Every structure is written in structure tokens, then in C-alpha cells.
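Residue numbers (the working numbering): 18 to 305.
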């Protein structure tokens with residue numbers, strides 16, 4: 018039972034499994050000495066890799082993921098952009114502190130990393146937790162975000178945003194983690210795993226007013242078989258000042274890995290020109 022639960026317990030494990038199943042790259046993304054470095058930010062060592070030249074693009078992985086989780090996006094976008102991709106706090110090769118882990122904390126780590134790299138603003142692609150952190154970047158550090166694409170993000174952790182099965186899945190795995198901590202089981206680093214489940218189960222808490230304050234053009238993405246309810250994805254889109262919406266038919270939460278060609282091309286179409294908002298009524302000559 019323990020082994021079964023922890024094969025699937027963290028979103029990042031699923032991400033990495035999909036990555037391995039989908040495609041093998043000649044570059045060892047996430048474990049590349051030629052591209053990897055550490056930066057000291059907010060009391061931790063944060064592992065990051067950089068690729069390519071051009072306008073800066075930041076790739077932010079989901080819960081329990083790493084640089085390797087974004088391999089399909091690195092491979093695609095590095096031919097046109099300067100890619101900055103990292104392991105978020107308490108994940109991958111990046112360090113942690115004894116503090117409670119929050120999305121705001123992770124977001125501020127990313128902002129500090131960009132400061133150290135002398136990057137004033139960038140395109141952002143955030144997947145799952147990375148999507149939440151992208152929204153928070155646009156709220157907390159608005160000048161850092163030129164445009165962003167946000168896949169599978171939520172504003173709150175309850176069943177208003179997330180399907181009931183997912184809420185229960187997190188609760189069951191969190192309870193199991195607590196039981197392993199109580200038993201002082203050392204098979205895994207359960208203290209870190211607990212922090213990651215607390216992110217999923219107790220956070221975020223982003224208000225609609227905060228979303229409405231975002232000025233960066235945003236592509237809001239989801240799947241009609243996502244873990245996030247379509248109505249919630251629509252709500253995020255409707256409260257942004259400048260946004261496009263894409264719901265992938267048959268798309269799951271793992272779209273950046275399971276169908277990277279479609280995902281990447283959709284994002285690139287949005288990023289490839291200055292923001293504009295086409296509207297059928299204008300094409301029909303209808304005036305406000």
C-alpha cells in the first residue's frame with residue numbers, strides 16, 4: 018500500500034513519468050552540468066538551468082516537479098527564447114528552510130532569481146502550481162511579467178475550483194503522509210512531502226480582486242478533462258484585463274507532456290505578436 022501510494026503521490030512524479038514515456042532528448046534537462054547553476058535566494062540554494070538566446074522566457078513546473086518536467090517546453094522554445102528554468106523551493110535540487118511552504122514564498126524566490134540574472138521582464142509559462150506562481154508573479158512583481166501562459170491553475174484549493182475526486186485524493190495522501198511522519202518512517206522525506214501536499218490541500222488563496230489587478234496579457238489554458246473545473250478556469254479568464262482562453266478538447270492536466278506539440282504551438286501563437294483581442298462582432302461591423 019505504501020509503495021503504491023507513493024508511486025503516484027506527487028504531481029511531479031506523474032509529470033516526470035509522462036516525460037520519460039513521451040520523448041527522450043539528447044540534452045539531459047534537469048541534470049545538465051553544462052547549463053546548471055545554483056543561486057542563493059531568500060535563504061536557499063535554488064537550482065536553475067539556462068538555454069538559448071533571445072527574449073527571456075521563464076518555465077515554472079508543477080507540484081513535486083523539476084526542470085526535467087518542462088523538457089518538452091525547453092526543447093521547443095530554446096530556439097527562439099532565452100530559457101530560464103529552475104527547481105522551485107523544496108523540489109528537485111533546490112533547498113528549503115524550516116518555514117511553512119507557500120506559493121508566495123516560491124514566487125518571491127523566482128523574482129529574486131530573475132533579479133540575480135538581471136532580467137527585468139520575461140515571458141512566463143506556468144503549469145499547475147507553476148501557473149499559480151505565474152499569477153502571483155503578475156500580482157506581486159508585475160514588472161517581471163511581459164506576457165504569460167497559465168495552464169491548470171486554481172485560485173483556491175477547495176471543490177469550487179478543483180474536482181471532488183482530486184480534493185479527496187490530496188486529503189488521503191496527506192493523511193498517509195502524516196501517519197508516516199508519526200511512525201518516524203525514513204523511507205522518504207515525508208516532512209517535505211507534507212509541505213507539498215499542504216500546498217495542494219490548503220493553498221492558494223487568491224482573490225478575484227487580485228486577478229483583476231493583473232495587467233500582463235495572459236493565455237489561460239485548461240483541459241476539459243483537467244483536475245481544475247472548467248468553470249473555474251473560465252472564471253480566471255473572465256477576471257483578467259487582457260486574456261485569451263483555451264480549453265483543450267480531451268485535454269488533461271498533463272497536456273504540456275502528453276501533447277506538447279499542440280500545447281507549445283498554442284502558447285507560441287499567443288506570444289508571437291503584441292496582445293490583441295479579436296472579436297466576432299467587430300468582424301461583423303457591429304459597434305459598441
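Even glycine gets a Cβ: it sits at the ideal position worked out from N, Cα and C.
Nothing here was measured: the structure is a model prediction, and the numbers come from that model.
Considering only DSSP beta bridges, list what residue i is partnered with.
| i | result |
| --- | --- |
| residue 65 | 54 and 103 |
| residue 73 | 99 |
| residue 165 | 141 and 235 |
| residue 260 | 235 |
| residue 240 | 265 |
Do you know whose CA, among the options, lies nearest residue i's CA?
| i | options | result |
| --- | --- | --- |
| residue 67 | 231, 77, 183 and 194 | 77 |
| residue 293 | 259, 53, 281 and 85 | 259 |
| residue 110 | 190, 133 and 62 | 62 |
| residue 273 | 298, 302, 159 and 148 | 148 |
| residue 95 | 132, 239 and 281 | 281 |
| residue 252 | 48, 227 and 128 | 227 |
| residue 120 | 275, 97, 152 and 284 | 152 |
| residue 91 | 47, 131, 124 and 60 | 47 |
| residue 85 | 130, 104 and 262 | 104 |
| residue 81 | 160, 138, 122 and 217 | 217 |
Rounded to a whole number of angstroms, what is the C-alpha to C-alpha distance between residue i and residue j?
| i | j | result |
| --- | --- | --- |
| residue 136 | residue 43 | 28 Å |
| residue 144 | residue 55 | 22 Å |
| residue 118 | residue 83 | 16 Å |
| residue 267 | residue 100 | 29 Å |
| residue 180 | residue 79 | 18 Å |
| residue 72 | residue 108 | 26 Å |
| residue 198 | residue 212 | 12 Å |
| residue 236 | residue 166 | 5 Å |
| residue 38 | residue 186 | Low confidence applies here, because residue 38 scores a pLDDT of 48, under 50, leaving its location unreliable; read the following figure in that light. Their backbone Cα atoms lie some 24 Å apart in a straight line. |
| residue 207 | residue 300 | 56 Å |
| residue 140 | residue 174 | 26 Å |
| residue 126 | residue 150 | 10 Å |
| residue 65 | residue 53 | 6 Å |
| residue 172 | residue 224 | 7 Å |
| residue 297 | residue 279 | 24 Å |
| residue 32 | residue 290 | The predicted model places residue 32 with a pLDDT of 48, which falls under 50 and marks its position as unreliable; any figure quoted below should be read in that light. C-alpha separation (whole angstroms): 30 Å. |
| residue 304 | residue 193 | 58 Å |
| residue 40 | residue 285 | 20 Å |
| residue 241 | residue 89 | 22 Å |
Since residue i is in the alpha helix (DSSP H), which residue starts that stretch and which ends it?
| i | result |
| --- | --- |
| residue 93 | 88–94 |
| residue 84 | Residue 84 -> no alpha helix (DSSP H), and no H or E assigned at all. |
| residue 271 | Here residue 271 belongs to no alpha helix (DSSP H), and DSSP marks it neither H nor E. |
| residue 174 | Careful: residue 174 lies outside any alpha helix (DSSP H) and carries neither H nor E. |
| residue 253 | 247–255 |
| residue 195 | 181–199 |
| residue 209 | 207–219 |
| residue 277 | 277–288 |
| residue 129 | 120–133 |
| residue 155 | 146–157 |
Taking 9 Å as the cut-off, decide whether the C-beta atoms of residue i and residue j are in contact.
| i | j | result |
| --- | --- | --- |
| residue 247 | residue 264 | yes |
| residue 243 | residue 222 | no |
| residue 162 | residue 154 | yes |
| residue 75 | residue 58 | no |
| residue 250 | residue 183 | no |
| residue 190 | residue 214 | yes |
| residue 146 | residue 209 | no |
| residue 87 | residue 287 | no |
| residue 256 | residue 229 | yes |
| residue 157 | residue 128 | yes |
| residue 93 | residue 277 | yes |
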